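Shown next, in structure tokens, is the structure this report addresses.
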Amino acid sequence: MPTEPVIIVHGGAVSGVHTYGSSEARVLGVQAAALAGWEKLKETGCALDAVEVAVCSLEDNPTFDAGTGSVLNQAGEIEMDAIIMDGKNLDTGAIACVQNIKNPVKLARKVMENTHHCLLVGKGANLFAEKVGISTVPLEELVTEISRQKLELCNGSYEDRCKHAFKASNVKKCVKHSDGEHDTVGAVAIDVHGNMAAATSTGGITAKMVGRVGDSPVIGAGCYCDNVSGGVSCTGHGESIMKVTLASRITMYIEEGLSAQEAAEKALDYMFNKTEGAGGVIAVSKTGEVGVHFTTGFMSWAFVKSGKLHYGWIPGENHTRAVE
Amino acid sequence: MPGAVVLVHGGAGKIPKANNDVDNQARLYGVKSAATAAYEALLAGASAVDAAETAVRCLEDFPVFNAGVGSRLNLAGEVEMDAAIMDGRGLRAGAVGAVKNVKNPVSLARKIMDLTPHVLLVGEGASQFAQESGVQLVPMQELITEKSRRALAQVKSLPFGIDPKAEEEEEEHGTVGAAVMDTAGNLATSISTGGISGKHVGRVGDSPIIGGGIYCDNMVGAAVATGQGESIIRTCLANNIIQLMSTGMAPQQAGDSALETMRQRVSGLAGVIVLDRHGNSGICCNTGHMSWAQLKDNELSWGLSAG
């Protein structure tokens, strides 16, 4: 019996009211990405293709901190991380600290399909991009005015900025810094054959050290996907997500019998208790149930299932409209 | 309160040919020395993290192991190293991927953990931080051995180049690691590797992947892996072992079970050393060969295969 296909995307978990960009742009962006992924699911019936297309859509949208619109590191450059994972065989491809390419998730897929490796970083990742015919673009094409402003307005230590950008909504507000920290994007899908895929892509956190890699391309942390349990993509304070291996924690809870939603909530609670870090997750179980949860103020997300597009931004929000 | 425990390994691989007995003796000497140095540090009051760093520094300095000096070479003939350290208190962690010219990558991982707000630095950014942090830098030639050169030449001579199972098929062994409990009952783990001979430039394996090749949580236990890196990553091996122990499974059983799951899912083979929060240990390996040493209650034990 064919599985009902589902695709879900997120555009980043953040705190604070945004002075940069608009919540509307984010919500429209995730809707467009979810619909693009949905079209692909209908076209090829392949979850891997669908998450790649959805994440490419988010990478090309300068609103989000991935591909175009990525934030800048300490040196004023862009270093991007991405991962894609196939739930069928646990095949994985990831890249970290790659520079000057438009769609890091495409390169991650090439790592998965064209090498025996799971993760290529830095100059090696760029060399591989050349080898597989992925062209470079000038840095200027990826940098936005907003990303530049954020770097300029960065006050205080990285830790303070993270506490501000990713603070849990139940933690007292910290007043110091420029808000509107963008974040990682991601997608999870299950196709008509019951195969699952997940992908995550990011420019990281403003003013991170050169060479800093967060959770996004780390298997089990920012992304995990296994046909026997489910698929997950995460966003938020990368270091906290890495320490609790958030994505594989969620698939583990699903395997233990929790629903996708319960697993998402339990895992983010666990992360906060262990690290005081906050973030957001999207999850799909092997039975096609969807989970969406975030412990920051906001997270843009959208999913398509059973002929309906669902989307939200504020906690508890769940708007729907029909799709073909 | 359990006493100090030190468990180290010098890499898992297939059973080496008989004429490598000299190397086997060198490996045993290396793991015993590393375990002894770490244990003595613990008895003198060092923390688990200090001792875990000490143990792996020792192994990195022995050319017979594939870490630090003696690291295998990437396809371009360079040494790019991965390492990590994790403190069971508060899940603090530091990791480095594809770094060059650092004599002791585990010490750089420690600096990342202690001096930066990050967990993982890679490539040139990692090298930049290495310079700023004061860890010892060396010319690449000092890390390259004749054995590493030969191993690369062998890979290059294969018709299709590197094989995904190369790490466990190589006569030479992989990643080194340590799992430690100090006299206060705190746990720490450390890991270091030069990776697979002939790997792509910039390839990072399981060692600096928290939850993959390494994990440590005072509330549950510690696990450090060696073997086929991509398989370890894809199945989150260290994480699985910690999860099994959190349900009450003993370290040996948890390690063996997780290795079997990995073998069934992705056909990869590996070795792991495991400690639970009571200081019980597990030494597990399905590749046929793993040099290891353990010091506990002042008794030193060692071997070339699991258990």
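So the sequences go chain by chain: A and B. Residue 113 in our numbering sits at position 79 of the first sequence, and the numbers go up by one each step. Residue 125 in our numbering sits at position 132 of the second sequence, and the numbers go up by one each step. We put the CB at the ideal spot given by N, CA and C, even for glycine. Fair warning: this is a prediction, and the values are worked out from it, not measured in the lab.
Quick one: which chain A residues come within Cβ less than 9 Å of residue i?
i	result
N232(B)	G254, T279, S282, R283, M286
R142(B)	The premise fails here: R142(B) is roughly 20 Å from chain A at the closest Cβ pair, so nothing lies under 9 Å.
G23(B)	Under the 9 Å cutoff, chain A gives no residues; its nearest Cβ is about 28 Å from G23(B).
G275(B)	Residues of chain A passing the Cβ test: none, with the nearest at roughly 20 Å.
Assuming the contact rule is C-beta atoms closer than 8 Å, residue i and residue j should be a hit. Round their C-beta distance to whole Å, please.
i	j	result
I41(A)	W72(A)	5 Å
E46(B)	V99(B)	6 Å
A215(B)	V265(B)	With a Cβ gap of about 10 Å, A215(B) and V265(B) do not count as contacting.
N137(A)	C80(A)	No, N137(A) and C80(A) are not in contact; Cβ-Cβ is about 18 Å, not under 8 Å.
F328(A)	G313(A)	7 Å
T236(A)	G254(A)	Actually they do not touch by this definition, with Cβ atoms about 16 Å apart.
A91(B)	G158(A)	6 Å
G118(B)	C131(A)	7 Å
V267(B)	G275(B)	4 Å
A68(A)	A88(A)	7 Å
V95(B)	M74(B)	7 Å
L84(B)	D249(B)	In fact, because the Cβ distance is near 25 Å, the residues do not count as touching under 8 Å.
I275(A)	L176(A)	Not quite, the Cβ-Cβ distance comes to about 24 Å (not below 8 Å), so this is no contact.
Determine the chain A residues that contact residue i at a beta-carbon separation under 7 Å, and present them in chain order.
i	result
Q236(B)	M286
F223(B)	The identity of residue 223(B) in the sequence shown is Glu, whereas the question assumes Phe. Chain A residues near E223(B): H150, H151, C152.
I202(B)	V252, I253
G187(B)	The contacting residues do not exist; G187(B) stays about 15 Å from chain A at best.
G205(B)	I253, G254
Tell me residue i's beta-bridge partners as DSSP assigns them.
i	result
D99(A)	DSSP output for D99(A) lists no bridge partner at all.
G220(A)	H44(A), T234(A)
L84(B)	BP columns for L84(B) are empty, so no partner.
N67(B)	K192(B)
D199(B)	Paired residues: none, contrary to the question.
E292(B)	K289(B)
D115(A)	T236(A)
M212(B)	Per DSSP, none; premise fails for M212(B).
L343(A)	V338(A), R355(A)
L0(B)	A172(B), Q287(B)
H327(A)	V315(A)
A67(A)	For A67(A), which the question treats as bridged, DSSP gives no partner whatsoever.
F55(B)	Looking at the DSSP assignment, F55(B) forms no beta bridge with any residue, so it has no partner.
I207(B)	I203(B), V217(B)
S183(B)	I78(B), A171(B)
G90(B)	V115(B)
V95(B)	L130(B)
M333(A)	A47(A)
G6(B)	H282(B)
Give me the chain A residues within the contact set of residue i, using Cβ-Cβ distance strictly less than 8 Å, ordered along the chain.
i	result
K192(B)	H151
T228(B)	L124
L84(B)	K277, V278, K308, T309
V259(B)	N123, L124
Output, in chain order, the set of chain B residues within a Cβ distance shorter than 7 Å of residue i.
i	result
A159(A)	G195
A130(A)	V115
G156(A)	A91, V115, G116, E117, G195
M243(A)	T109, H111, L114, G118, F122
R143(A)	Those within 7 Å of R143(A) in chain B number zero; the least Cβ separation is about 15 Å.
Which chain B residues are close to residue i, counting only those with a beta carbon under 8 Å from its beta carbon?
i	result
R60(A)	Those within 8 Å of R60(A) in chain B number zero; the least Cβ separation is about 26 Å.
V85(A)	Simply none; closest approach about 17 Å.
R355(A)	None at all; the shortest Cβ gap to chain B is about 37 Å.
Quick one: which chain B residues come within Cβ less than 9 Å of residue i?
i	result
V89(A)	None at all; the shortest Cβ gap to chain B is about 20 Å.
Quiz item: In the stretch 100 to 179 of chain B, which residue ranges form an unbroken alpha helix (DSSP H) of at least 4 residues, counting only runs that do not cross its ends?
Solution: Taken in chain order, the complete alpha helix (DSSP H) segments of 4 or more residues contained in the stretch 100 to 179 of chain B are 116 to 126, 139 to 150, 159 to 162.
Quiz item: Which runs of the beta strand (DSSP E) spanning at least 3 residues fall entirely within the stretch 232 to 314 of chain A, listed in chain order?
Solution: As far as the stretch 232 to 314 of chain A is concerned, its whole beta strand (DSSP E) runs of at least 3 residues are 257 to 260, 264 to 270.
Quiz item: Which of the residues in the stretch 292 to 319 of chain A, read from start to end, lie with their CB under 9 Å from any CB of chain C?
Solution: No chain C appears in the structure shown, which is made up of the protein chains A and B.
Self-check item: alpha helix (DSSP H) runs contained entirely in the stretch 118 to 169 of chain A, provided each spans 4 or more residues
Solution: The stretch 118 to 169 of chain A contains these whole alpha helix (DSSP H) runs: 138 to 148, 156 to 165.
Quiz item: Fully enclosed by the stretch 236 to 288 of chain B, which alpha helix (DSSP H) runs are 4 residues long or longer?
Solution: Taking only runs of at least 4 residues, the alpha helix (DSSP H) segments lying wholly in the stretch 236 to 288 of chain B are 244 to 259.
Practice problem: Assess, as a yes-or-no matter, whether the stretch 144 to 152 of chain B is touched by the stretch 174 to 182 of chain B under the definition of 3 or more beta carbon pairs within less than 8 Å. | Solution: Short answer: they don't touch.
Quiz prompt | Given 8 Å, three or more beta-carbon pairs between the stretch 251 to 264 of chain B and the stretch 337 to 348 of chain A | solution = Output reads no: the stretch 337 to 348 of chain A does not touch the stretch 251 to 264 of chain B.
Self-check item: Cβ pair count under 8 Å reaching 3, the stretch 293 to 308 of chain A against the stretch 232 to 248 of chain A
Solution: Remark: fewer than three beta-carbon pairs, one from each stretch, lie closer than 8 Å, so the stretch 293 to 308 of chain A and the stretch 232 to 248 of chain A are not flagged as touching.
Quiz prompt | Three CB pairs or more closer than 8 Å across the stretch 54 to 63 of chain B and the stretch 183 to 191 of chain B | solution = Flag = yes, the stretch 54 to 63 of chain B and the stretch 183 to 191 of chain B touch.
Quiz item: Is it true that the stretch 75 to 84 of chain B meets the stretch 94 to 109 of chain B, where meeting means three or more beta-carbon pairs spaced less than 8 Å apart?
Solution: Contact between the stretch 75 to 84 of chain B and the stretch 94 to 109 of chain B is present: three or more C-beta pairs spanning the two stretches fall below 8 Å.
Quiz item: Do three or more CB pairs link the stretch 259 to 277 of chain A to the stretch 229 to 246 of chain A at distances below 8 Å?
Solution: Three or more beta-carbon pairs drawn from the stretch 259 to 277 of chain A and the stretch 229 to 246 of chain A are found closer than 8 Å, and the two stretches are therefore classed as touching.
Exercise. Indicate whether the contact test is met: 3 or more Cβ pairs, each with one atom in the stretch 127 to 134 of chain B and one in the stretch 163 to 174 of chain A, closer than 8 Å.
Key: With the rule of 3 Cβ pairs closer than 8 Å, the stretch 127 to 134 of chain B does not count as touching the stretch 163 to 174 of chain A.
Self-check item: Every unbroken alpha helix (DSSP H) inside the stretch 11 to 38 of chain B [4 residues or more]
Solution: Unbroken alpha helix (DSSP H) stretches of 4 residues or longer found wholly inside the stretch 11 to 38 of chain B: 14 to 36, given in chain order.
Practice problem: Could you tell me whether the stretch 166 to 175 of chain B touches the stretch -5 to 7 of chain B, where touching means 3 or more Cβ pairs closer than 8 Å? | Solution: Yes: the two stretches touch, three or more of their Cβ pairs being nearer than 8 Å.
Quiz item: Are there three or more Cβ pairs, one per stretch, closer than 8 Å when the stretch 273 to 293 of chain A is compared with the stretch 60 to 74 of chain A?
Solution: These segments do not touch.
Self-check item: Stretch pair the stretch 194 to 205 of chain B + the stretch 221 to 238 of chain B: three plus CB contacts closer than 8 Å
Solution: Touching, yes.
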